[in-house]
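Enquirer:
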Ligand SMILES: Cc1cc2nc3c(=O)[nH]c(=O)nc-3n(C[C@H](O)[C@H](O)[C@H](O)COP(=O)(O)OP(=O)(O)OC[C@H]3O[C@@H](n4cnc5c(N)ncnc54)[C@H](O)[C@@H]3O)c2cc1C
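The following block contains the structure:
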């Protein structure tokens, strides 16, 4: 028996491949649902899915694109124009990635000793000419990587921190909703997946594991015996020392847990606002360049203290705006009520578009948000490498005595951590490692 802990895309991909290889598999999932940090809501009033976790395919995202092709899912590239809040005006951003890259291109993956992105910025790379690009790059690192610039590693960011070519800059969505991906991975796994069981202990020696679980519905304890275990819980859970979801290892896989502590769980907060009509098109004309229209806006970047980034559903024309706050801004919102967070988002949007809060609040027909930082089975949004941690994902991806195998987005380095495709790749890799050890056992 092989146990897989977690039914996010990493665990599901591992289970799918293990079952295909003829292994007896059981997936233990704490929540009552599969998909982990992919969480799609639907509303009768809206024709687009409401993503509360992952939304985009970043770059080629081969593992997701392959599933979309097999499953016949509709994938739609993001199109439209990027805008920026520039004081009291909105200006068109001609070359967003070019600006980010002029700064991130100066990072060194061989920096010795490693330092934080903030320390790098403090040296003023590019001089006064790049002051604006540096501010944009800082917002990008905090927002996209959900990171604290004072903690994230220069070496790790240099290695895959930003897209390097047009193919990597591509951003797309699954029009059917991202939850179709875990559902596709889980097809055929039926009885293999057990939900509502929280793993709290892993006792192991080479070739033998006892996993202790507790049922969420009735508190009953149970143990499972296995030859090996794939552990695909989020980094935040892996490094947690207490509370629901935390796992005690006996003995501790020291190098792996030490590597995990060189990574951090970043925070991100999204608010989805629905309107009767595209409210951003009501922006006062004097805010825009002469004759310009923001009807085809995709992203709006700014530096608002609440929600600095907003995006539309472009190229789909839907009256929906998503507000995004990454890094410390999001950390500050952990534990706040949904009403407080939505109110904050409305205030940010009002400042960005130069409208009154009252006008925006009155136009909102529905709003959604989700607190990943307070979720015991996520404990944050996604991982990043802290200073000195650029090789940590590689360490985590190594098998422990042919018995413990780690998977999940945090185990995939090279810029693919924090993504759905990176998580799937880590599950596929873990399954291959398990199958290899099974083969070796049979040969002995
Ligand atoms: C707000 C947000 C936006 C994002 N946007 C994007 C995006 O646009 N594009 C992109 O590619 N990625 C995005 N991501 C990241 C992406 O969602 C993740 O990288 C990916 O889904 C992680 O998959 P995983 O299988 O590694 O982990 P998870 O999906 O977290 O799965 C781990 C599973 O383990 C379970 N678990 C935890 N503890 C226990 C326990 N003790 N016992 C049993 N089960 C347990 C959890 O319930 C969960 O189901 C986003 C994430 C967030 C939060």
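Numbering (the numbering used here), first residue to last: 41 to 484.
Every residue gets a Cβ at the ideal spot worked out from N, C-alpha and C, and that includes glycine.
#1: What does a CB cutoff of less than 6 Å around residue 93 pick up in its chain, not counting 5 residues either side in sequence?
#2: Helix, strand or coil for residue 377 per DSSP?
#3: Over what stretch of residues does the alpha helix (DSSP H) that includes residue 136 continue unbroken?
#4: I'd like to confirm something about residue 191: is its beta-carbon nearer than 6 Å to some heavy atom of ligand 1, or not?
#5: Quick one: Cα of residue 268 to Cα of residue 365, how far?
#6: Can you tell me which of the three DSSP states residue 401 falls into?
#7: Is it the case that the segment 330-338 contacts the segment 351-362, given that we only count it when at least three CB pairs across the two stretches are under 8 Å?
#8: Determine the contact status of residue 447 and residue 54, defining contact as a CB-CB distance below 7 Å.
#9: Out of 154, 223, 219 and 84, point me to the one whose CA is closest to residue 193's CA.
#10: Ligand 1 and residue 251: does the residue's C-beta get closer than 6 Å to at least one heavy atom of that ligand?
#11: Quick one: is the Cβ of residue 168 within less than 6 Å of any heavy atom of ligand 1?
#12: In or out: residue 187 buried (at least 16 other Cβ within 10 Å) or exposed?
#13: Over the uninterrupted alpha helix (DSSP H) stretch that includes residue 275, give me the two end residues.
#14: Quick one: does the C-beta of residue 430 sit closer than 6 Å to a heavy atom of ligand 1?
#15: How about residue 68: is its Cβ closer than 6 Å to a heavy atom in ligand 1?
#16: Whose C-alpha, out of 391, 125, 98 and 479, is nearest the C-alpha of residue 117?
#17: If you count every other CB in all the chains shown that lies within 10 Å of the CB of residue 246, and 16 or more means buried, which is it?
Expert: According to the structure shown:
#1: Result list for residue 93: 77, 78 and 79, in chain order.
#2: Coil at residue 377, not helix or strand.
#3: Counting along the chain, the alpha helix (DSSP H) containing residue 136 begins and ends at 136-144.
#4: No.
#5: Distance from the CA of residue 268 to the CA of residue 365, rounded to the nearest whole angstrom, comes to 39 Å.
#6: Helix at residue 401.
#7: When Cβ pairs closer than 8 Å are counted between the two stretches, the segment 351-362 is seen to touch the segment 330-338, the count reaching three or more.
#8: Remark: C-beta atoms of residue 447 and residue 54 approach each other more closely than 7 Å.
#9: Out of 154, 223, 219 and 84, 154 has the C-alpha closest to the C-alpha of residue 193.
#10: Residue 251: no, Cβ never under 6 Å from ligand 1.
#11: No; taking the cut-off as 6 Å, the Cβ of residue 168 has no heavy atom of ligand 1 nearer than that.
#12: It counts as buried.
#13: Per DSSP, the continuous alpha helix (DSSP H) segment holding residue 275 begins and ends at 275-278.
#14: Every heavy atom of ligand 1 is 6 Å or more from the Cβ of residue 430, so no.
#15: Yes, since a heavy atom of ligand 1 falls inside the 6 Å radius drawn around the Cβ of residue 68.
#16: When each option's Cα is compared against that of residue 117, the closest is 98.
#17: Classification for residue 246: exposed.
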